[in-house]
Amino acid sequence: MSMFCYQCQEAAGNEGCTVKGVCGKTDDVANLQDLLVYLLKGVSFYAEKAKEVGVNLDQKTGPFIMKKLFTTITNANFDAERFEEMIDEALELRESVKNEFMEAYKEKNGKEYDGELPEAATWTTDNVDEYYQKGEEVGVLSTKDEDIRSLRELITYGVKGMAAYADHAYILDESDLDIFEFMQRALKSTLDDSLSVDDLVNLVMETGDYAVQTMALLDKANTENYGHPEPTEVNLGVNDRPGILVSGHDLKDLEEILEQTKNEGVDVYTHGEMLPANSYPAFKDYDHFIGNYGNSWWLQKEEFDKFNGPVLLTTNCLVPPKESYKDRVYTTGSAGFSGVSHIEGRPEGGQKDFSEIIEHAKQCDSPTELETGTIPGGFAHESVMGVADKVIEAVENGDIERFVVMAGCDGRHKTREYYTDVAKELPEEAVILTAGCAKFRYNKLDLGDIGGIPRVLDAGQCNDSYSLVVIAQKLAEAMGVDDINDLPISYDIAWYEQKAVTVLLALLAVGVKGIRLGPTLPAFLSENVVKVLVENFDIKPIGEVKEDVEKIMAGE
Ligand code: SF4
Ligand code: SF3
Numbered sequence: 003m004s005m006f007c008y009q010c011q012e013a014a015g016n017e018g019c020t021v022k023g024v025c026g027k028t029d030d031v032a033n034l035q036d037l038l039v040y041l042l043k044g045v046s047f048y049a050e051k052a053k054e055v056g057v058n059l060d061q062k063t064g065p066f067i068m069k070k071l072f073t074t075i076t077n078a079n080f081d082a083e084r085f086e087e088m089i090d091e092a093l094e095l096r097e098s099v100k101n102e103f104m105e106a107y108k109e110k111n112g113k114e115y116d117g118e119l120p121e122a123a124t125w126t127t128d129n130v131d132e133y134y135q136k137g138e139e140v141g142v143l144s145t146k147d148e149d150i151r152s153l154r155e156l157i158t159y160g161v162k163g164m165a166a167y168a169d170h171a172y173i174l175d176e177s178d179l180d181i182f183e184f185m186q187r188a189l190k191s192t193l194d195d196s197l198s199v200d201d202l203v204n205l206v207m208e209t210g211d212y213a214v215q216t217m218a219l220l221d222k223a224n225t226e227n228y229g230h231p232e233p234t235e236v237n238l239g240v241n242d243r244p245g246i247l248v249s250g251h252d253l254k255d256l257e258e259i260l261e262q263t264k265n266e267g268v269d270v271y272t273h274g275e276m277l278p279a280n281s282y283p284a285f286k287d288y289d290h291f292i293g294n295y296g297n298s299w300w301l302q303k304e305e306f307d308k309f310n311g312p313v314l315l316t317t318n319c320l321v322p323p324k325e326s327y328k329d330r331v332y333t334t335g336s337a338g339f340s341g342v343s344h345i346e347g348r349p350e351g352g353q354k355d356f357s358e359i360i361e362h363a364k365q366c367d368s369p370t371e372l373e374t375g376t377i378p379g380g381f382a383h384e385s386v387m388g389v390a391d392k393v394i395e396a397v398e399n400g401d402i403e404r405f406v407v408m409a410g411c412d413g414r415h416k417t418r419e420y421y422t423d424v425a426k427e428l429p430e431e432a433v434i435l436t437a438g439c440a441k442f443r444y445n446k447l448d449l450g451d452i453g454g455i456p457r458v459l460d461a462g463q464c465n466d467s468y469s470l471v472v473i474a475q476k477l478a479e480a481m482g483v484d485d486i487n488d489l490p491i492s493y494d495i496a497w498y499e500q501k502a503v504t505v506l507l508a509l510l511a512v513g514v515k516g517i518r519l520g521p522t523l524p525a526f527l528s529e530n531v532v533k534v535l536v537e538n539f540d541i542k543p544i545g546e547v548k549e550d551v552e553k554i555m556a557g558e
């Protein structure tokens, strides 16, 4: 076995990728990612120990841990060289926080620290070649007990998704030291052999609480910077000028691309998870912001080929590019791929320099049209609550019988046709609430509306699942319902990568019960951990379409 990864829904055989990732991740990159995460746990160890002797290093360690964790989520970064550099940096930072802790300890206690140190806090080498071997040793399977391993990984993946959302907020100048503190405490806890299954279950629940806090922070950052999303008909067609296609989740990158392409004779389009950007007031002012091109991430091989111009991946999900368009792919931020141009970070107080992409676009043909027409978007909490009276009236007079939350991710597997079929099978009295790229399985079906309310209400990106929580809470308040589980809302969630794990834990944290999860339950959940989730939260796997729809409509 040369690697082991089971962090996403497409893990080989729903057990784990052991030779190469289904996502395209090589064993080298997988092992380097495992070593990086291990060292981040070592950094977290010292940062948390330092607090015990009165030194808070979170400003220094928090952002570092957040940014590096983000690069290890599925389909973000495939570049071994970048991981080698990040490991160098992690070793350097760990050394520096170790020294700060040791000095503070000595000063406070009048003697050298002689407590235990986990290996993640001590292992080091000068030889880059050893990174690969070490990564293989310290990965997922290094925890032997299956339940402890399952809980440690569940926590780690929840924190990875949290890191991604926290980073988006951070880029927009919103941060919260509590979140950094929790991320470190959680990572440090995964090194602690004295913690029981119960301790770790409690930490899983706490991860959910902090997931809610992080998503709320990002919601604040997005809406304060770009306004509240408003109901919008998003154009699916193309113009006849060359274009730049922006994918991923980073709104700041999109903003800077739009600014830098003004009057350049180049248009800008969104792909995948960037689609919701079309509904933000701040971006609507740009005449050369044309609309959305294509569908969800896994279709990029065909769609990027046809786009003809440069494509910028601001985050996941990147599929290893085909030679036919590889020279037109650019990455930035957490994203990376060996041999693909990477746009460097933002200088203090300045903008990223996208001139290379803009000049490239000018040499390209305009995009080949894939489709025409529009799709509705922009139904985040503010716009849905703006029509709350109408919604409540429709519920009270029976026009709306049920809301079905179908948020989450999309993926390659044929089994995901389930979500298209459920959308088609749901009766006309059901409204789908969605967020994340899961929506591409049904957002172009013509499902009509209920008294002007579209039957697919798209709140935005996966992080905007927070909006769906706010909508549920506000509806409960307006309808005088104490428990959100008493609302006519069901949850039929699709997951793929670790941000969906974060979203799932957030939903559990706000008390949602009876979630259907598919297309498969995570490979990283052991039988006993599944039992805990079933007993406490009535989580269930998806079943047959017709039967599930009947149960959903019956509130089961
Ligand atoms: Fe396999 Fe998913 Fe890990 Fe990629 S991220 S190696 S597909 S489990
Ligand atoms: Fe999609 Fe990757 Fe998860 Fe943000 S873009 S939802 S899969």
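For the sequence shown, the numbering used here assigns the number 3 to the initial residue and increments by one for each residue that follows.
We treat Cβ as the ideally placed atom computed from N, Cα and C, and that holds for glycine.
Here the structure is a predicted model, which means the values were calculated and not measured.
Kindly indicate which residue of 20, 16 and 13 has the alpha-carbon position closest to the one of residue 6. 20
Would you tell me roughly how many angstroms separate the C-alpha atoms of residue 52 and residue 437, rounded to the nearest one? 39 angstroms
Nearest by alpha-carbon distance to residue 209: which of 551, 500, 543 and 70 is it? 500
Between which residues of its own chain and residue 123 is the CB-CB distance below 6 angstroms, once the five residues before and five after are set aside? Contacts found: 44 and 47.
Buried or exposed: where does residue 556 fall if 16 or more other Cβ atoms within 10 Å of its Cβ makes it buried? exposed
Between residue 477 and residue 394, what straight-line distance do the alpha-carbon atoms span, to the nearest angstrom? 8 angstroms
Enumerate in chain order the residues of its own chain whose CB-to-CB distance from residue 249 is below 6 angstroms, with the five nearest sequence positions on each side excluded. 273, 274, 276 and 315
Using a Cβ-Cβ cutoff of less than 7 angstroms, which residues in the same chain neighbour residue 162 once the five nearest sequence positions on both sides are dropped? 71, 74, 75 and 500
For the region 298-337, list the beta strand (DSSP E) runs that are entirely contained and at least 3 residues long, ordered along the chain. Restricting attention to beta strand (DSSP E) runs no shorter than 3 residues, the region 298-337 encloses them at 313-315 and 331-334, ordered along the chain.
Assuming the contact rule is C-beta atoms closer than 8 angstroms, residue 333 and residue 342 should be a hit. Round their C-beta distance to whole Å, please. 6 angstroms
Contact set for residue 245: own chain, Cβ-Cβ below 6 angstroms, skip 5 residues either direction: 269, 271, 311 and 369
List in chain order: all unbroken beta strand (DSSP E) runs of 3+ residues lying wholly within the region 509-537. Fully enclosed beta strand (DSSP E) runs of 3 or longer: 518-520.
Could you give the distance in angstroms between the alpha-carbon of residue 33 and the alpha-carbon of residue 142? 10 angstroms
Confirm, please, whether the CB-CB distance from residue 126 to residue 93 is below 7 angstroms. yes
Between residue 8 and the ligand SF4, is the CB less than 6 angstroms from at least one heavy atom? yes
Regarding residue 79 and the ligand SF3, is the C-beta to nearest heavy atom distance less than 6 angstroms? no
Contact defined as beta carbons within less than 8 angstroms: I believe residue 335 pairs with residue 252. What is the distance between those atoms, to the nearest angstrom? 6 angstroms
Relative to the ligand SF3, is the shortest distance from any of its heavy atoms to the C-beta of residue 25 smaller than 6 angstroms? no
Starting from the Cα of residue 426, find the closest Cα among 58, 450 and 417 and give me that residue. 450
Option nearest residue 84 by Cα separation, candidates 130, 117, 373 and 23: 130
DSSP three-state call for residue 291: helix, strand or coil? It is a strand residue.
C-alpha gap between residue 303 and residue 30, whole angstroms: 24 angstroms
Using the Cβ count rule (16 or more neighbours within 10 Å means buried), how would you classify residue 255? Flag for residue 255 reads buried.
When the Cα of residue 309 is compared with those of 282, 238 and 260, which residue comes out closest? 238
Between residue 490 and chain D, is there a C-beta pair that is closer than 7 angstroms? Considering every chain present, this structure includes no chain D. It has just one protein chain.
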